[in-house]
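Structure first, commentary second.
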Amino acid sequence: DAGVTQSPTHLIKTRGQQVTLRCSPKSGHDTVSWYQQALGQGPQFIFQYYEEEERQRGNFPDRFSGHQFPNYSSELNVNALLLGDSALYLCASSRLAGVYTGELFFGEGSRLTVL
Amino acid sequence: KNEVEQSPQNLTAQEGEFITINCSYSVGISALHWLQQHPGGGIVSLFMLSSGKKKHGRLIATINIQEKHSSLHITASHPRDSAVYICAGGGGSEKLVFGKGTKLTVNP
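In order, the protein sequences belong to chains L and U.
Everything in the first sequence is counted per the numbering used here, starting at 214 for the first residue and increasing by one.
Everything in the second sequence is counted per the numbering used here, starting at -19 for the first residue and increasing by one.
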């Protein structure tokens, strides 16, 4: 049983470009949350997807958007990249209310560098 | 606003030592998670606490709801325990609010 898989693992972009990151949740999970982790900081919540809808959103600009597909996999899109978008982007997989059940699984992350 | 504060920021120990990492959280957090992050970046969930105490192997997590404080203890520490340990809280929503993490180094 595969856990949470994220792709790509590393990528380099230049300012102004757009990026798409992908996440496949653990089998049986229907909820995907995305987090941004800057160097030396704790992760920050971007948004959460359930039943192909964005359920909650953190304090991130509209340049950050997402999508969830019928198979529960998810994409995070960032437009008009800024240097400050350089970070590790983490995907967390769960069933709904996983924050309160403790059944929460994270991927290895996608490390984005913006030059 | 949910907030989580961890201490210490960095911790160095000798193999075999007993280790404690502390976490204080704000009103509104009802589920407290302890997570482990290795240098590659992946995060592993260790415990989720809403009350009491949990134990898994050499790891023990406790929570005091009245004082809004949780601790993660590692007994008989080993170099393979070296990692960043993160406390995160959830309350009223599905999002987790993370502390900045404690970088633990256990020397042989």
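Ideal Cβ placement from N, Cα and C applies to all residues, glycine included.
Quick check: what's the CA-CA separation for L:Pro221 versus L:Lys239? In the first sequence, residue 221 of chain L corresponds to position 8, counting from 1. In the first sequence, residue 239 of chain L corresponds to position 26, counting from 1. Here the C-alpha atom of L:Pro221 lies approximately 17 angstroms from the C-alpha atom of L:Lys239.
Can you tell which of L:Thr326, L:Val291, L:Glu321, L:Glu316 has its C-alpha closest to the C-alpha of U:Gln17? Indexing the second sequence from 1 puts residue 17 of chain U at position 37. Checking every option, the nearest Cα to that of U:Gln17 belongs to L:Glu321.
When the Cα of L:Phe260 is compared with those of U:Gly72, U:Leu26, U:Leu76, U:Cys67, which residue comes out closest? Taking the first sequence and counting its residues from 1, one reaches residue 260 of chain L at position 47. Relative to L:Phe260, the option among U:Gly72, U:Leu26, U:Leu76, U:Cys67 whose CA is nearest is U:Leu76.
Closest to L:Gln249 by C-alpha separation, out of L:Ser286, L:Arg270, L:Ala310, L:Thr314, would be which residue? As a working note, residue 249 of chain L is residue 36 in the first sequence. Checked all of L:Ser286, L:Arg270, L:Ala310, L:Thr314; the closest Cα to L:Gln249 is L:Arg270.
For L:Leu317 and L:Gln168, the rounded distance between their alpha carbons: Look at the range of chain L in this structure, 214 to 328, and you will see that residue 168 of chain L is not part of it.
Would DSSP call U:Thr55 helix, strand or coil? In the second sequence, counting from the first residue as 1, residue 55 of chain U sits at position 75. Collapsing the DSSP output to three states places U:Thr55 in coil.
Boundaries (first-last residue) of the beta strand (DSSP E) holding L:Thr244: Counting from one through the first sequence, the residue named residue 244 of chain L turns up at place 31. First-last of the beta strand (DSSP E) with L:Thr244: 244 to 250.
Check whether the Cβ of U:Leu12 lies closer than 8 angstroms to any Cβ atom in chain L. Within the second sequence, numbered from 1, the residue matching residue 12 of chain U stands at position 32. No, U:Leu12 lies away from the interface with chain L (no Cβ there is under 8 angstroms from its Cβ).
Interface positions of the segment 17 to 30 of chain U facing chain L (Cβ-Cβ less than 8 angstroms), listed along the chain: Of all residues in the segment 17 to 30 of chain U, Gly20, Gly21, Gly22, Ile23, Val24, Ser25, Phe27, Met28, Ser30 have a Cβ within less than 8 angstroms of some Cβ in chain L.
Rounded straight-line distance, which links the Cα of L:Thr218 to that of U:Ile1: Within the second sequence, numbered from 1, the residue matching residue 1 of chain U stands at position 21. Within the first sequence, numbered from 1, the residue matching residue 218 of chain L stands at position 5. Looking at the two C-alpha atoms, the distance is approximately 30 angstroms.
If you follow the alpha helix (DSSP H) that U:Thr82 is in, where does it begin and where does it stop? For the purposes of this step, residue 82 of chain U is taken as residue 102 along the second sequence, with counting starting at 1. That residue, U:Thr82, is in no alpha helix (DSSP H); its beta strand (DSSP E) goes 82 to 87.
L:Ala310 classed as buried or exposed, judged by whether at least 16 other C-beta atoms fall within 10 angstroms: Numbered from its first residue, the first sequence carries residue 310 of chain L at position 97. That one is exposed.
Local Cβ density within 10 Å of U:Val86, reported as buried at 16 or more and exposed below that: For the purposes of this step, residue 86 of chain U is identified with residue 106 of the second sequence, where counting begins at 1. With 16 or more other Cβ atoms inside 10 Å of its own Cβ, U:Val86 counts as buried.
Exposed unless 16 or more other CB atoms sit within 10 angstroms - verdict on U:Gly21: Within the second sequence, residue 21 of chain U is the residue found at index 41, counting from 1. Its Cβ being crowded by 16 or more others within 10 Å, U:Gly21 is buried.
Who are L:Tyr262's beta bridge partners in DSSP? Numbered from 1 along the first sequence, position 49 holds the residue referred to as residue 262 of chain L. Per DSSP, L:Val245, L:Glu267.
Answer yes if the segment 242 to 257 of chain L comes into contact with the segment 269 to 284 of chain L, meaning at least three C-beta pairs across the two stretches below 8 angstroms, and no otherwise. Result yes; three or more Cβ-Cβ pairs closer than 8 angstroms.
Starting from U:Ser73, find everything on chain L with Cβ-Cβ shorter than 7 angstroms and list it in chain order. Within the second sequence, the letter at position 93 stands for residue 73 of chain U. Near U:Ser73 (Cβ distances below 7 angstroms), the residues of chain L are Gln269.
Three CB pairs or more closer than 8 angstroms across the segment 68 to 82 of chain U and the segment 4 to 17 of chain U: They touch, by the three-pair rule.
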